[in-house]
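Chains A, B, C and D, in that order, are what the protein sequence lines are.
Per the working numbering, the first sequence starts with residue 1120, numbered consecutively.
Per the working numbering, the second sequence starts with residue 1120, numbered consecutively.
Per the working numbering, the third sequence starts with residue 5, numbered consecutively.
Per the working numbering, the fourth sequence starts with residue 5, numbered consecutively.
Even glycine gets a Cβ: it sits at the ideal position worked out from N, Cα and C.
Below is one structure, written out as structure tokens; comments come after it.
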Amino acid sequence: MSSEITDDILLDIHRRMVRIRTFEERAGKMMEDGKIPGALHLYVGQEAIASGVMVHLSNEDYITSTHRGHGHLIAKGGEFTYMFAELYGKATGYCKGKGGSMHISNLELGMLGANGIVGGGPPIAMGAAFSCKFRKTSNVSISFFGDGASNEGAFHEAANMAALYKLPCVFICENNGYGEYTPQANHQAIVDVADRAPGYGMPGVVVDGMDPIAVYEAAGEAIARAREGGGPTLLECKTYRYYDHVGVRGMGLSYRTDEEVEQWQLKDPIVNFEARLAEQGLLSPEAAQAVHDEAQQEVDTGIEFAETSPNPDPAAVTEDVYA
Amino acid sequence: MSSEITDDILLDIHRRMVRIRTFEERAGKMMEDGKIPGALHLYVGQEAIASGVMVHLSNEDYITSTHRGHGHLIAKGGEFTYMFAELYGKATGYCKGKGGSMHISNLELGMLGANGIVGGGPPIAMGAAFSCKFRKTSNVSISFFGDGASNEGAFHEAANMAALYKLPCVFICENNGYGEYTPQANHQAIVDVADRAPGYGMPGVVVDGMDPIAVYEAAGEAIARAREGGGPTLLECKTYRYYDHVGVRGMGLSYRTDEEVEQWQLKDPIVNFEARLAEQGLLSPEAAQAVHDEAQQEVDTGIEFAETSPNPDPAAVTEDVYA
Amino acid sequence: MAEAQPKPRELPYVAAITEGVRTVMQEQPDAFVAGEDVAEAGGVYGYYNGILNEFGPDRVFDTPISEEGIVGLGVGAAATGCRPIIDVMFMDFMGECMDEIANQLAKMRYMFGGRATLPVTILSMAGAGASLAAQHSQSLEAWICHLPGLKVVMACTPYDAKGLIISAARDDNPVIVVLNKMSLALMGPVPEESYTVPIGEANVVRSGSNYTIISFGRMVHEALAAATQLEKLGIDAEVIDLRSLQPLDSDAIVASVKKTHRAMIVHEAVRFGGFGGEVTAQIQELAFDYLDAPVARVGAPFSPVPFSPVLEATYVPNADRIVAEAKRQLGL
Amino acid sequence: MAEAQPKPRELPYVAAITEGVRTVMQEQPDAFVAGEDVAEAGGVYGYYNGILNEFGPDRVFDTPISEEGIVGLGVGAAATGCRPIIDVMFMDFMGECMDEIANQLAKMRYMFGGRATLPVTILSMAGAGASLAAQHSQSLEAWICHLPGLKVVMACTPYDAKGLIISAARDDNPVIVVLNKMSLALMGPVPEESYTVPIGEANVVRSGSNYTIISFGRMVHEALAAATQLEKLGIDAEVIDLRSLQPLDSDAIVASVKKTHRAMIVHEAVRFGGFGGEVTAQIQELAFDYLDAPVARVGAPFSPVPFSPVLEATYVPNADRIVAEAKRQLGL
Ligand SMILES: Cc1ncc(C[n+]2csc(CCOP(=O)(O)OP(=O)(O)O)c2C)c(N)n1
Ligand SMILES: Cc1ncc(C[n+]2csc(CCOP(=O)(O)OP(=O)(O)O)c2C)c(N)n1
Ligand SMILES: [Mg+2]
Ligand SMILES: [Mg+2]
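Written out as structure tokens, the structure is:
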């Protein structure tokens, strides 16, 4: 099916990945510099997934995210200005500084929030999928969640309901092999989370989550099925996070080896994709560099915006509780 | 493997089934007569499951039950005196009248309680299975639960953990086709709950839950595997409840047809088993009648005990909260 | 001479709930009803009877037994333009969906900087008295009143049941409507037309001059019965039905206590840590100098709800216990 | 002349927790530790560091991210002879396991007529101040103090952390030990040997003559700081650390208020519906005639916990707010 992918789409995916990577690298740095408070869960390494999925979506399609949510919002069209402002806790952030990294969101882009609760997303995505069906749109709702989250009861209940009602929903498991510091083998007795799909009566698919085209194609099929009333799919993307569970170097635990990290970095979604696009004559080194530069520029502007933005007025603390 | 079943076991299973049926018929009657307060969920029709499973167990093996718990306690050795006394809310009941039908229990028999929370049992059974392993016994822990309960997140989490830790646990789904008044097709998009087993990395087995020998054999295999350290099994028993979800005639809703009930009654576990035992020359009509009479006698004694037992002292209301 | 008024129509509480839900479904095309056995069965207490027939399976449907999923359905649908009516069959089951209620439903708007609107109405059945034991009899309003972002109302009459449900569904915030299972057959006047009972306004159901009983839910009726008994002791009790616990009508409470100088709060929930603590604290904060006696609290003793009718009768507060506590409080 | 005492050993709060857990594991062969990332990682805040090494993987193990399953593991294991130590990483996640806590753990003994014993210890991290926003900063003790069958303690010093954990684990009832994430580096004396801090006994951490501040958890330190400031205003404040919320040491509270005649309760949780209501209600019930002013309550405002440090600083109660509230209360 890769014949379906136009050059524009390929370049679009590339740009989304670069934007995510560039944003995340700087976010990690700013956190280490003490500019960003709280907990930051970086998406570096997993860019192919958000990017390969999101090119299929419009702003009227919904997604729910996880604690590791920047990548999803960026791929969905998030602007770095408001994003950095939010991470800084500024009044100009997407959530007026009230949410921060773990609750970053923008409903206008169809992004129903990062979530501090593991497994918090699937029920909400299922509800948004119901809404798409109820309101007779042809939109879809996508739930991103981790391998660790697949063990939460909330995932189970949401998956069963989505299949029962044949909702336009796609459950995308970003299996990066760990829930915090616990390897998958220590949190479930299965290798493929997709094996849970038949138990709900939906198709389960496994793809290489480091390959944006594989993700693009599998997601495209699942999303098309969802739009056509064929019900949900459980799509598992095997991936890896380069940095620690939280922050960059995190707690400095030795729960995984340097070799393991390096092995996965050989599959880097951006490096390999750029090579592939170069080979196909689609993206010259200069053109690639321009994409990176543009993202870098966007990051600089975003940081500038965040740093010069005002803090929230302390009186705002009790605002926005009720409509 | 039916060659393994001794005549004693066959007669034992029969007697357990008859005891359950006889108890439940009378309990239903006493409820309709206004003698038993609260909600009563009768096990009539499902007797083969509790009986076929429980002959494998000792008092040191644990079970958790459901809101439909009388049958499990009886098959585990529950005495009708203390059971009726509990249903009547008397001080002499298994729970001193504090639990009633939905919380009837006896830890000395290894029965960790009926449960008013659908899906309440599986996590507790998983914990008891962990305990068996932790304390280095060869005991097992069995969780009975319904088709409806299989959609609760609690089941999902317990099943995953039991498989992960290879606990001596058996998950027995009594699929009677309904969760309250909702047919299975309206609560999940699958036909066999056992299809969920591979998603946890455990074997899934489906048997005819109206056939006590089929249950006995499948349960025997699962229990043996559990005792030997082979981990949990999800055993689904297809069955039917003859009476309404709650009580006998319940709310009088027409969510199922008389024909459906009658079709299932043709498979009656006791009637058919008695015919089979008679055919094999194991149980004459007179001997069968004696079993029924004995159970009837036990019921009469139980009712008598319950009716003549004292109510709890009102002052006891705040006792038994803390050890 | 006044003209003879036609006797207003009376309905049982259960039918008033149904009528409230039906009215909402008629008025709001984006409303739907979801919950366990709410559609085909009409609810285990029958208060959705006829709703499926009238509005069809797209708008009224049964769910799996998945409380977290059900509330999540409401959250996701509400954030994207629907107005869900979600049934959590028994309030005791809120433990199964407390994360959805507390961490998603209540907080999403705030976490998103005010950029989400969650018009979810949750209906749930509370209360003891039916021998349903520890897991089907609880009153857990204290949990949800402590959660900024939620509104919480409790209906003790058919009139309020219908009116509060309509108000809840029109509200753009999540509102939890707590119903009472022992009141289903209670009759009372219910206008046929659509009307609202305002959220945030207490109802003085009996006026009195020298004692204030504050209550909510089914206990309001016990408070009224107690007031009749107290009359014989020379106590002229005002009875306030809070109706809305969140937001709380502190003004109404304080106005009454400033007049009567003595107060009691009565609820069915366990006394320790119950909502009565908040009410008591507010009274003494806002009307300290007016109090002639400590505010008394009547609630359930410190144990789970027992099964045995004998024990349950001791457990659930009633008019006699209210009277006894008032006498103790006032040294009578 | 008194002999020079050797300076007692000091430990940070985080290490005192570890030592409490280690002591329990040494003393009780049936104890085990289960939770998310408690074994290999030593806990996300490091307070299980070394426990896996010392006691091995049979007794210390990581669980899936399945809070309901984890608490259920504790319930089932405890009912059958083990003494589980269960970690619920953040108190905010209790919504995910509230059914197991409220309907199973707290009630099983009662529902079974006293014929079950559940020696479960749950450790959980509460508190705001780390910019962790609405779902990782809550203090939800009000939920669990309202549940008969549970005991609830909160440790504000290294000494109490170790001693309360040991007491909790020796108790045959379920005990929830609420810890505070902002106190991890706090130093304090901690005896090396095993000792207990009794559950149910408040601790008078500063004695004073004319004002009582009742608090628990991290806010005790703010209360102490406030007491120093209040001194300059001629207020000699007694500060009581409740330590145990359930059972509550009402006697200690009442004794102090009878002496000082003026009281305040301070907690980090949202003020509305918080545990302060119970404390306030009890004070006015048990010491009404001794009160010269209404009991004041300091808690968080009515909103979820905000992310932005600027907002969070306004949100979390502190010494200045305590002092301001005392001045308002006393008309100073
Ligand atoms: C309900 C809940 N439990 C535990 C946590 C703590 N926690 C945050 S992230 C995380 C690991 C999640 O693993 P996974 O779902 O695989 O996502 P990943 O971090 O690998 O992207 C845990 C345990 C939480 N935030 N919420
Ligand atoms: C958490 C929870 N949700 C809902 C209920 C109400 N309820 C009681 S029994 C039941 C149906 C259970 O169906 P199933 O598990 O198939 O068991 P069955 O009654 O068929 O034996 C429901 C919904 C409950 N008791 N607990
Ligand atoms: Mg992961
Ligand atoms: Mg069933």
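Please classify residue i: is it buried, with 16 or more other beta-carbons within 10 angstroms of its beta-carbon, or exposed?
{"i": "glycine 1153(B)", "result": "exposed"}
{"i": "leucine 1385(B)", "result": "exposed"}
{"i": "proline 68(D)", "result": "buried"}
{"i": "lysine 155(D)", "result": "buried"}
{"i": "aspartate 324(D)", "result": "exposed"}
{"i": "serine 260(D)", "result": "buried"}
{"i": "aspartate 66(C)", "result": "buried"}
{"i": "glycine 1348(B)", "result": "exposed"}
{"i": "aspartate 1419(B)", "result": "exposed"}
{"i": "lysine 1148(B)", "result": "exposed"}
{"i": "tyrosine 144(D)", "result": "Here the sequence assigns leucine to residue 144(D), which means tyrosine is not the residue at that position. With 16 or more other Cβ atoms within 10 Å, it is buried."}
{"i": "aspartate 1127(A)", "result": "exposed"}
{"i": "arginine 13(C)", "result": "exposed"}
{"i": "proline 193(C)", "result": "exposed"}
Alpha carbon to alpha carbon, how far is residue j from residue i? Give it in angstroms, no decimals.
{"i": "glycine 277(D)", "j": "leucine 315(D)", "result": "22 Å"}
{"i": "alanine 165(C)", "j": "alanine 130(C)", "result": "14 Å"}
{"i": "aspartate 245(C)", "j": "methionine 1370(B)", "result": "33 Å"}
{"i": "isoleucine 1389(A)", "j": "glutamine 1399(A)", "result": "15 Å"}
{"i": "leucine 190(C)", "j": "tyrosine 17(C)", "result": "5 Å"}
{"i": "glutamate 4(C)", "j": "lysine 11(D)", "result": "As displayed, chain C neither begins before 5 nor continues past 336, which places residue 4(C) out of reach and without an answer."}
{"i": "glutamate 1423(B)", "j": "isoleucine 169(D)", "result": "49 Å"}
{"i": "threonine 1256(B)", "j": "proline 1331(B)", "result": "28 Å"}
{"i": "tyrosine 163(D)", "j": "alanine 134(D)", "result": "23 Å"}
{"i": "lysine 1252(B)", "j": "valine 37(D)", "result": "15 Å"}
{"i": "glutamine 333(D)", "j": "leucine 237(D)", "result": "13 Å"}
Is residue i close to chain A, meaning its C-beta is less than 8 Å from at least one C-beta of that chain?
{"i": "leucine 1283(B)", "result": "yes"}
{"i": "alanine 81(C)", "result": "yes"}
{"i": "threonine 22(D)", "result": "no"}
{"i": "proline 68(D)", "result": "yes"}
Measure from the C-beta of residue i to each C-beta in chain B and report whether the shortest distance is under 8 Å.
{"i": "glycine 1246(A)", "result": "no"}
{"i": "aspartate 41(C)", "result": "yes"}
{"i": "glycine 335(C)", "result": "no"}
Can you confirm whether residue i, when its beta carbon is compared against all beta carbons of chain D, has any partner nearer than 8 Å?
{"i": "histidine 1186(B)", "result": "no"}
{"i": "valine 1390(A)", "result": "no"}
{"i": "methionine 129(C)", "result": "no"}
Flag residue i as yes if its beta-carbon sits less than 8 Å from any beta-carbon of chain C, otherwise no.
{"i": "serine 254(D)", "result": "no"}
{"i": "threonine 352(D)", "result": "Not covered by the structure: residue 352(D). The range shown for chain D is 5 to 336."}
**Study point:** Validate contact between the region 135–152 of chain D and the region 92–108 of chain D using beta carbons, cut 8 Å, 3 pairs
**Key:** yes
Check your understanding: Who sits around ligand 3, taking every residue whose Cβ is closer than 6 Å to one of its heavy atoms?
Key -> Gly1265(A), Asp1266(A), Gly1267(A), Asn1295(A), Tyr1297(A) and Gly1298(A)
Review point. Okay, do the region 120–134 of chain D and the region 168–187 of chain D touch, 3+ Cβ pairs below 8 Å being the bar?
Key: Result yes; three or more Cβ-Cβ pairs closer than 8 Å.
Check your understanding: Are at least three pairs of beta-carbons, each pair with one atom in the region 1165–1180 of chain A and one in the region 1200–1215 of chain A, less than 8 Å apart?
Key -> no
**Study point:** Contact the region 265–283 of chain C vs the region 73–82 of chain D: 3+ CB pairs below 8 Å
**Key:** no
**Study point:** Inter-stretch contact (C-beta, 8 Å, three-pair minimum) for the region 27–40 of chain D and the region 52–64 of chain D
**Key:** yes
Check your understanding: Between the region 1278–1286 of chain B and the region 1290–1297 of chain A, do at least 3 Cβ pairs fall closer than 8 Å?
Key -> no
Review point. When the Cβ atoms of the region 1309–1318 of chain B are set against those of the region 1359–1374 of chain B, are three or more pairs found closer than 8 Å?
Key: no
Review point. Any contact of the region 1128–1142 of chain B with the region 1166–1176 of chain B, i.e. 3+ C-beta pairs under 8 Å?
Key: The region 1166–1176 of chain B and the region 1128–1142 of chain B touch, with three or more beta-carbon pairs separated by less than 8 Å.
Review point. Does the region 1186–1202 of chain B come close enough to the region 1234–1243 of chain B that 3 or more CB-CB pairs lie under 8 Å?
Key: yes
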